[in-house]
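See structure below.
There are 2 protein chains.
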Amino acid sequence: MKKKILMTPGPTQVPPEVLTASSRPVIHHRTREYSELFARVIDGLKYVFRTDNDVLVFASSGTGAMESAVVNLCSPGDKVIVTACGKFGERWQQMAEAFGLDAVVLSYEYGTAVDPGDVARALADNRDASVVFTTHSETSTGVVNDIEAIGGIVAESDAVLVVDAVSGLGSAELNTDDWQVDVVVAGSQKALMIPPGLAFAAVSDKAWDLVERSRLPKYYFDWQKARDGVRRDDPTTPYTPAVSLTVALDAALQLIREEGIEAVIDRHRRLGRASREAVKALGLELFSPDDDACSSVTAVKVPEGVEDSELRRLMRDEYGVQCAGGQGSMKGKIFRIGHCGYYNYADIVATITALEQALNDLEYPVELGRGVARVVEVFGEDAS
Amino acid sequence: MKKKILMTPGPTQVPPEVLTASSRPVIHHRTREYSELFARVIDGLKYVFRTDNDVLVFASSGTGAMESAVVNLCSPGDKVIVTACGKFGERWQQMAEAFGLDAVVLSYEYGTAVDPGDVARALADNRDASVVFTTHSETSTGVVNDIEAIGGIVAESDAVLVVDAVSGLGSAELNTDDWQVDVVVAGSQKALMIPPGLAFAAVSDKAWDLVERSRLPKYYFDWQKARDGVRRDDPTTPYTPAVSLTVALDAALQLIREEGIEAVIDRHRRLGRASREAVKALGLELFSPDDDACSSVTAVKVPEGVEDSELRRLMRDEYGVQCAGGQGSMKGKIFRIGHCGYYNYADIVATITALEQALNDLEYPVELGRGVARVVEVFGEDAS
């Protein structure tokens, strides 16, 4: 037996009661039983998204929901503004290119956040821009952008704000309606605590107006068909839904409701802070900002003289803790501790223990126990 | 307790060992463990598709895989040939329209099959047609088209043949390579015996040539990116895969291999025949052809004086057997017994029993036990 924990920013750990729900006998999707379940799931999603807008559900990964925003909001050649401060911001950029949009790209060094002032300037300089695509929690770096500020800025323009919250929804603060976010896209395999395969889009009235004018071709990800389904008294999806994942989501949303969304976000804030404090106590350098907003993923610079792949191999194979490496140009330079979803202090203690042990095995100078002690201290402070 | 069986043509019953596999703790997809699993799954899919071509895997419903064929093979304005002999053939037609193709549509009355001669004539009349879109098992009617004949015809042209085998793969004969089918798209929730949420596309060299010339925009369903993933030594997907469904598929493919694909198809042929014979013995009229090829779904005309919704409600609520109704214009006129996937003679016996009892409850004249006796007879003949 080797007890393992998954500390990657997606997929994440799935609670046993959710795994069990996902393995119930499959039910048919055109039944009252399924409609009741789906209605409950949509209500639960609205609770987590903090929105009264329509929430649409797709059988796809989060990238599918991102694509759905592009093809439902845009027409060929449309001017759009894209912020890119990491791999997932760059994905908006790639999609804009793939779908023939005219993208004004605001690029930021990996590890830094989008400057909302830049968005204001880009909107002022491009009054014909119809959409602003940005990222909430940038999974590749751990940065969480100031969506509240960006929301206020975009709301004053005619543009629609689209936020990729795949890793941030339910782990970092995101108040869709209060912050005037028109579209939030998200995935199932992060803080929603179910396996990958479901994706979501919350869509405001301002966005629906743009949807009606969109001329990019679409079929599977057609929002209007999905809306017709969710607005029914017996809500449904246009195509066969991922039934077992939806059943799992129902169970996971129940857990989130029991804890309360404010408490869930606060728990993540503490997990992030404990991770950062422990990393610093070990003398390592943070890559993600040392900021309470960054509560989904903690990115750490691989210390001088240490081989990233070997460090993570030891953590995983010897100490049972799987972290993620860097992506793209960050490969080998950083590693990432994901703590969005089904995580508590014990997971952070285990992760920091594994990190200390692995560094020690690699003869990197660490005072064993120092990081873990800091985790406990931080949790103690927070509890008081 | 109410013991229930799902006799719908998707989702279908999932074997307990497959359900159990789907609820294993989620593993990360960028690991050797997952690559080994995914390599095994692709091998198993090639075995079921009877192909040496690339098989690509998407987190989506079968409709997503259909769309992937359109956007990867076509350019705006392309002339294509579409056969429509039911709801799913019409879906090709709707997609061709949504993506701005110039579709020559061969339409057939619901319940009848595509005439391969019409495809030959359409190709002769439209030498610039680049793709023929057709349907293997038309789930809405129970018809299984003669893909072998259509394959031979299309192979002599420059056009690429795309077959929707969502409900037919693994339940009706389909020899992708021998029959010269360029592209087969399929879903997970039918004869592959797992919950909905995965979809597949098998792609020939002739199709890949067309893919390189395709100019419809695409991102999530980009076949070239998916091919780069599956051709690696450590195969992977471009975006986060539906991990738990892939684990389930690995278990289901193992069951199919143990039985052997020829035996699996033969079992379905017998299930179809027993269903048809029983229906006829009860004096009801078949809607799907009385043909051994139609081994996925048996469609039955709702008898005069019987209310379809009440018949199926009784079968489901009183006798625990859930069948499907008609779709679109067939609603209320037919009901459908799905037997693609995890089904054996006992499921047919139960279904026919429920049908007899429900008809009897509705005071429709049936000789109780006559249909069931016919099922047993047919299985006896087949066994000898």
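Line order of the protein sequences matches chains A and B.
For the working numbering, add 93 to where a residue sits in the first sequence, where the first one is 1.
For the working numbering, add 93 to where a residue sits in the second sequence, where the first one is 1.
Every residue gets a Cβ at the ideal spot worked out from N, C-alpha and C, and that includes glycine.
{"Check": "Rounded straight-line distance, which links the Cα of residue 104 of chain B to that of residue 442 of chain B", "Outcome": "20 Å"}
{"Check": "Contact set for residue 128 of chain B: own chain, Cβ-Cβ below 7 Å, skip 5 residues either direction", "Outcome": "327, 328, 329"}
{"Check": "Residue 126 of chain B CB to nearest heavy atom of the ligand GTP below 7 Å", "Outcome": "In terms of ligand content, the structure shown is empty, and the ligand GTP therefore cannot be addressed."}
{"Check": "Limits of the beta strand (DSSP E) - the one that residue 257 of chain A falls within", "Outcome": "253–257"}
{"Check": "CA-to-CA distance, residue 459 of chain A to residue 136 of chain A, given in whole angstroms", "Outcome": "48 Å"}
{"Check": "Where residue 338 of chain A meets chain B, residues with beta-carbon distance less than 7 Å", "Outcome": "290"}
{"Check": "CB contact flag (residue 493 of chain B, residue 430 of chain B, <8 Å)", "Outcome": "Any property of residue 493 of chain B remains undetermined from this structure, which presents chain B solely from 94 to 477."}
{"Check": "Element boundaries [alpha helix (DSSP H), containing residue 123 of chain B]", "Outcome": "Premise fails: residue 123 of chain B is in no alpha helix (DSSP H) and is neither H nor E."}
{"Check": "Chain E residues whose Cβ lies nearer than 7 Å to that of residue 282 of chain A", "Outcome": "Protein chains in the displayed structure are A and B, and chain E is not among them."}
{"Check": "DSSP three-state assignment for residue 192 of chain B, whether helix, strand or coil", "Outcome": "coil"}
{"Check": "Amino acids of chain A, ordered along the chain, whose beta-carbon sits closer than 9 Å to that of residue 191 of chain B", "Outcome": "310, 311, 312, 315"}
{"Check": "Straight-line Cα distance separating residue 462 of chain A from residue 220 of chain A", "Outcome": "55 Å"}
{"Check": "When B:266, B:194, B:364, B:241 are compared against residue 354 of chain B, the one with the closest alpha-carbon", "Outcome": "B:266"}
{"Check": "Residue 142 of chain B (DSSP reduced to helix, strand or coil)", "Outcome": "helix"}
{"Check": "Residue-chain proximity (residue 421 of chain A, chain B), Cβ-Cβ < 8 Å", "Outcome": "no"}
{"Check": "Touch test, the stretch 357–370 of chain A against the stretch 388–397 of chain A, Cβ-Cβ under 8 Å, three pairs minimum", "Outcome": "yes"}
{"Check": "Presumed contact (8 Å Cβ cut-off) between residue 259 of chain B and residue 276 of chain B, rounded CB distance", "Outcome": "Wrong, their Cβ atoms sit about 13 Å apart, outside the cutoff."}
{"Check": "Where residue 440 of chain A falls, given that 16 or more other Cβ within 10 Å makes a residue buried", "Outcome": "buried"}
{"Check": "Spatially closest choice to residue 320 of chain A from A:309, A:251, A:301, A:453, by CA coordinates", "Outcome": "A:301"}
{"Check": "Simplified DSSP state of residue 98 of chain B, which is helix, strand or coil", "Outcome": "strand"}
{"Check": "Cβ contact (3+ pairs, closer than 8 Å) linking the stretch 240–251 of chain A and the stretch 194–204 of chain A", "Outcome": "no"}
{"Check": "Reduced DSSP secondary structure (H/G/I, E/B, other) of residue 362 of chain A", "Outcome": "helix"}
{"Check": "Closer than 8 Å to chain A by CB, residue 107 of chain B", "Outcome": "yes"}
{"Check": "Nearest residue (CA-CA) to residue 421 of chain B, options B:154, B:155, B:130, B:178", "Outcome": "B:178"}
{"Check": "Straight-line Cα distance separating residue 367 of chain A from residue 413 of chain A", "Outcome": "20 Å"}
{"Check": "Proximity of residue 405 of chain A and residue 419 of chain A at Cβ, strictly below 8 Å", "Outcome": "no"}
{"Check": "Whole-angstrom distance between residue 290 of chain A and residue 252 of chain B, CA atom to CA atom", "Outcome": "34 Å"}
{"Check": "Contact list for the stretch 226–258 of chain A against chain B, Cβ threshold 9 Å", "Outcome": "none"}
{"Check": "Closer than 8 Å to chain A by CB, residue 94 of chain B", "Outcome": "no"}
{"Check": "8 Å Cβ cutoff, residue 130 of chain B in contact with chain A", "Outcome": "no"}
{"Check": "7 Å CB neighbourhood of residue 157 of chain A in its chain, flanking five on each side removed", "Outcome": "151, 292, 314"}
{"Check": "Straight-line gap, residue 138 of chain A to residue 299 of chain A (C-alpha atoms, nearest Å)", "Outcome": "20 Å"}
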